[in-house]
Amino acid sequence: MHDGDFTGRKGAALVAGGTGAIGAAIVRTLARRGSAVAFTYRSNESAAHDLTAELATEQVQVRSLRADLADEQDAAAAVRDTVEAFGGLHTLVYAAGPHVPMVHLSQVPPGRYREQLHTDALAFYNLAHPALTALRESGGNAVAVTTAATRRYPVRDGLSSGTKGAVEAVVRALAAEEGRYGVRFNCVGPGMLTDGIAARLISDGELNDDALAVTRRNIPLRRFGSAQDIAEAVVFLASDRAGFITGQHLSVDGGYSV
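Here this note's numbering is used: the first residue of the sequence shown is 158, the next is one more, and so on.
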């Protein structure tokens, strides 16, 4: 059962990056709270199918869309398809972005940095810009999943936080400009999680036991979060309960950025 935050909302939510750990948690949470949901995926068709099938058993409206958001036409088509299929767009969630290895910026050539800007910061803009008309019509909102690293910098995270910082700057700009139309823009900044990119860094050995122990000590709550922790924050910001909140960054990081 859902608590009905989105019951009666016209149109759907569009979640970019719905097959990642965080994206899938957001899709499930929105759907279970009364929203029709469309989500994009880039290549993981089996995960997209599994998520759609899982939620179909719960009598919720869910649709998957294959899209490379770094491609302007693909991103615009995802927005257009969602609006056409569901009759509107009330929420846009950007939870996409490629896996980012932890590496010192001295080891990141400009070409690699440009690629990251293209696949993440530009991808967000490719999606947000064509969504503005539909969001104005619905008095809707957008939430970008960024990183707590824009508040407190963990060494070797510049490739991620540099591009996520660009996303956050655009979110603030859009919050300032679109507020007059009743449209809200916010960010959620994940800290270390037991799933998602952090889990990959652990399994890849990029973070060993010593590094994990240090990381835990840097978190006041002394533990890592989960994808569901992020989803709860995203869905709150997307709901009417957050109707007077815009242009904000909410770090969900166990206190790391304190």
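No residue lacks a Cβ here, since even glycine has one placed at the ideal position from N, Cα and C. Everything numeric in this text was worked out from a predicted model, so none of it was measured.
Q) Which stretch, first to last residue, makes up the beta strand (DSSP E) that contains F342? A) R341 to P347
Q.
My output table needs one value for L171: the three-state DSSP class, helix, strand or coil.
A. strand
Q: Alpha carbon to alpha carbon, how far is R398 from E211? Give it in angstroms, no decimals.
A: 28 Å
Q.
Going by DSSP in three states, F196 sits in which element: helix, strand or coil?
A. strand
(Q) I'd like to confirm the pairing. Which residues does DSSP put opposite H153 in its beta bridges? (A) There is simply no residue 153 to check, as the chain begins at 158 and stops at 415 in what is shown.
Q: Would you list the residues sitting across from L427 in a DSSP beta bridge?
A: Missing from the structure shown is residue 427; the chain here goes from 158 to 415 and no further.
Q | Environment of E241 [buried if 16+ CB atoms lie within 10 Å] | A | exposed
**Q.** Alpha carbon of M158 to alpha carbon of R189, nearest angstrom
**A.** A caution first: M158 carries a pLDDT of 39, below 50, which makes its placement in the model too unreliable to give a value.
Q. Residues bridged to V409 by DSSP?
A. P347
Q) So, using beta-carbon positions, are A285 and A299 closer together than 8 Å? A) yes
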